[in-house]
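FYI, the working numbering numbers position 802 of the sequence shown as 1094, with every residue one higher than the one before it.
The C-beta atom is built at its ideal place from N, Cα and C for all residues, glycine as well.
Model, not experiment: these values are computed from the prediction.
Everything below concerns the one structure shown next.
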Amino acid sequence: MDIRKEYLEFFKSKGHEVISSMPLVPDDPTLMFTNAGMVQFKDIFTGAVPRPVNPRATSCQLCVRAGGKHNDLENVGYTARHHTLFEMLGNFSFGDYFKEDAIAYAWEFVTVNLALPIEKLWVTVHDSDDEAFEIWSKHIDPSRIMRFGDKDNFWSMGDTGACGPCSEIFYDQGEEHFNGPEDKMGGDGDRFLEIWNLVFMQYERSSDGTLTALPKPSIDTGMGLERVMAIKEGVFNNFDSSNFQPIIKKLEELAEKEATSETIGSYRVIADHLRANSFMLSQGILFGNEGRPYVNRRIMRRAVRHGYLLGFREPFMAKLYDTLCDIMGSHYSELVEQKSYVKEQLTLEEERFFKTIDSGMTLFNEELKNTKDLFSGEIAFKLYDEKGFPLDLTEDMLRDRDIKVDVEKFEELMSLQKAKAKAAWKGSGDSATEGDFKTLIEKYGINEFIGYNTTTYESKIVALLDESFNEVQALEKGQSGWVMLDKTPFYATSGGQTGDIGALEDEGHIAIVKDTQKFHGLNLSKIKVEKSNLKVGEAVSAVVVNRWEVAKHHSATHLLQSALKMVLGDTVSQAGSLNDSNRLRFDFTYPKAMTNEEIEEVEDLVNSMIIRGLPGNVEELPIEEAKKKGAIAMFGEKYGDMVRVVSFGGISVEFCGGTHVRNTQDIGSFYITKESGVSAGVRRIEAVCGLAAIKYTKEYITKVNELQNELKNSDILLGVKKLKDQIKELKKELEEAQNSISAPITEEMIGDIKVVVDIVNNGDIKKIVDDYKNGNDKVAIMLIQAKSDKVMLVAGSKNCSVKAGDWIKAIAPIVGGGGGGRPDFAQAGGKDVSKVDEAKKAALEFAKENI
């Protein structure tokens, strides 16, 4: 049975709209990951957005509980039910049906569609919810309905807001399988398995705890797909179901060993973590050192460590990915669409960790020998800092031994490292922001930015600050400081766009605006007074001088992101940017260097958008409406209820607060000047447009002309080819000259052994020694060569009692050097060229003495 499909179609038949699983990165800033089915409907439940036309919805939501408040990571592999990623089936009513229908739907699906035996089912309700008890009594014998208190059967969204009692459905897995003291309804045992929770949102809780009945109560339910699959397949552990077993079987095949009771935990951890890593990567969450990417890395490295325990010493996770696609790819098409990308990312991250895991395990085991009750915080930090072991991985490795880490010491060292890193950022400007901005805001309020529509404005000076942000009444000629205008056309650095520069002018004053920054909402410009004194209260003409070129580069950045998605795929997302009047820099997620063909294609796409003259359009929209239009949000940015959306011809649509051109033709031309790596999984493109592109082109043409003149050939490629051919020919001639020896090498026979000891000025003496060994049955040869201030000695021996290694060791010190080698071949270097004759004489004597 395809339970997922059965569930969604069942509720669709009951008038519910089937809603796709929302991304694992939620819009909710309070959550690290989407951790429940109701997350995407939270704004509806709280009244932040209107109820949808259809007030009934159903979904199968991908959830992650591996970071933040909801973190099941430590339990995965040790219990039958915990997962880092799982699927939650849910049906929702937004002020439409309530308890009567919610209970009826649940009972019908469980007993008819799932065909679970009634004698195995139990129900719980809140001890005050007589209404739910009475409704359930129509479906199940009242003796099988249990009442519990707030801890088990009351749900709330937070300390205040929507809340209400809940009702849970339990499945009895059998006394014959689970008969411990906690295997009872309400106990902590595994006999009674919760499969479905029905939340009755019927109250509003105020700050004083008062509960007020909602005029239109709602329904929020959640049923774990993995649990239901296990029940239907007759297994008592989720990992024994068809959701995980194919992965575990494939892993056994790769490891060339079957799972045992001692190793099954590692197999389960890997099967679980593969799912979480793969879905995160398919949705653009890479591996990193902070936030969600760090959680992804922690999960991966935990999986790799368990792979290490199974004997893996090279990447293996990607080899399991096709099996995962076979299980889940038909419903989650992104797994299949992003297959090559995800496999590549998995392998890259595994390779990084495998490089240090051996030395890390050695360090861990050495410390473990000296550990009784508390594992060293210093070693735990060293494992983290030098070997890439997250703290919770070290804790996991100690779990079976019931040993804790000295977390206090670990955190102390972590804080110290952060402090050192911060201190290293000299000149970062941290101290420059230590102004009394609170007082400024209380006295003058937030000044208004009016620069979207104009680059000049007759402004009034509200406040002046010195360079240390102390408020002053005037700035004298030659002084620098900060100015706060009542209304300002100067854009403050934000969203990757640099702050505006320009001037403040009137009949008697001139001040140069060098930068504009935002401090707690205040838009302040850094100035230097060039003429006369500047005083608070004076009227000045504020003039922006760099806006047009900055706008060109910012708009080009938007076009660049669209082009990258077209060429590299939709998983490309912005990871940072910088736009000023001379260049743009765009960081984006991608696992490898772009090819020259890809770079050229992206460049051509951007220029085609420019040439087509796409009109620019700016709108202020409610955030939900902006999302429906497909507007791209900058990852990690926080947005209000209303957002500014910038679009160009419908091709590029982004949330953006920056300044832009009116038409893409205004950008001029666009050239990518560099593509490079920033960090693992993040690439960077640098480019120019507008006047900067003209300058770039002129400089390029100048260089081409200079090359033509130097090569004396209008066809540069042909000229370079001729030069390369000439160099190749000269190298060949030089090699032949070096290998030719002007004077014969001195040879003599000692018995039946040919002995060669000589000084060679030219040629490859290693090759000469090899040639002698190959051309003679019995030979002892040492050649000495002086080059500039260095001496090289090479010795060879074949079928004789002279050992080349011993020979070299005896002679090299004479020329101030040392070396060694095998009995048949050895070499050394020296630095005293004045002793080569002495070395030659000694070498010959050594040979005669040892033959």
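- Put simply, the backbone Cα of K1127 is about 7 Å away from that of I1106.
- As for any beta strand (DSSP E) of minimum length 3 sitting wholly inside the region 811–879, the runs are 814–823, 831–836, 866–871, ordered along the chain.
- Distances from the alpha-carbon of L675 to those of M706, D665, K664 put M706 closest.
- With fewer than 16 neighbouring CB atoms inside 10 Å of its own CB, T748 falls in the exposed class.
- Considered as a whole, the region 591–643 harbours 613–620, 625–629 as its complete alpha helix (DSSP H) runs of no fewer than 4 residues, in chain order.
- By the beta-carbon neighbour count (other beta carbons within 10 angstroms, threshold 16), I993 is exposed.
- Cβ-Cβ distances below 6 Å link S1089 to A1072, A1096, D1116 in the same chain, with the five nearest sequence neighbours on each side left out; the list follows chain order.
- The DSSP-derived three-state label of F390 is coil.
- In this chain, the beta strand (DSSP E) harbouring I1076 covers 1071–1079.
- The Cβ atoms of G1108 and A1120 lie no closer than 8 Å to each other.
- Annotation: the continuous alpha helix (DSSP H) that includes H565 extends over 556–574.
- From the listed residues E400, V356, L354, the smallest Cα separation to F303 is found for E400.
- Taking C-beta atoms as the reference points, A972 and L640 count as a pair closer than 8 Å.
- Assigned with DSSP and collapsed to three states, E750 falls in strand.
- For R954, there is no enclosing alpha helix (DSSP H), as DSSP marks it with neither H nor E.
- Straight across, the Cα-Cα distance linking F608 with T790 is about 45 Å.
- The C-alpha of L546 is placed about 51 Å away from the C-alpha of G1067.
- When the five nearest sequence neighbours on each side are left out, the beta carbons in the same chain lying within less than 7 Å of the beta carbon of V864 are those of L856, K857, F880, T881, Y882, in order along the chain.
- Selection F673, D688, Q575, K541 evaluated against T615 yields K541 as nearest (Cα-Cα).
- In the three-state scheme derived from DSSP, where H, G and I count as helix and E and B as strand, E379 is classed as strand.
- Taking 8 Å as the cut-off, the beta carbon of L365 is found closer than this to the beta carbon of A358.
- Residue pairing from DSSP places A454 in a beta bridge opposite E496.
- Counting only the Cα atoms, R975 lies some 4 Å from G969.
- Taking the Cα positions, E916 is about 26 Å away from Q494.
- Listed in chain order, the non-local C-beta contacts of E893 below 7 Å within the same chain comprise V859, local neighbours out to five positions each way being set aside.
- The shortest CA-to-CA distance from V1086 to any of V1094, I1076, C1092 is the one to I1076.
- In this structure, the CA atom of V317 is about 25 Å from the CA atom of E911.
- With a cut-off of 8 Å on Cβ pairs, the region 579–597 is not in contact with the region 628–636, counting fewer than three such pairs.
- Assigned with DSSP and collapsed to three states, V1012 falls in helix.
- Counting only residues of its own chain and dropping the five nearest sequence neighbours on each side, K611 has a CB closer than 7 Å to the CB of L546.
- In the three-state reduction of the DSSP assignment, Y963 falls in the strand class.
- The residue from E763, Y963, G1122 with its alpha-carbon nearest to that of D1081 is G1122.
- Within the same chain, and ignoring the five residues on either side of A766 in sequence, the residues whose Cβ sits closer than 8 Å to its Cβ are L756, N825, L826, K827, V828.
- Closest in C-alpha terms to L323, from the list R584, E978, E703, comes R584.
- Between L816 and the set S499, K884, S847, L732, the nearest pair of CA atoms involves L732.
- The Cβ atoms of G960 and G941 lie no closer than 8 Å to each other.
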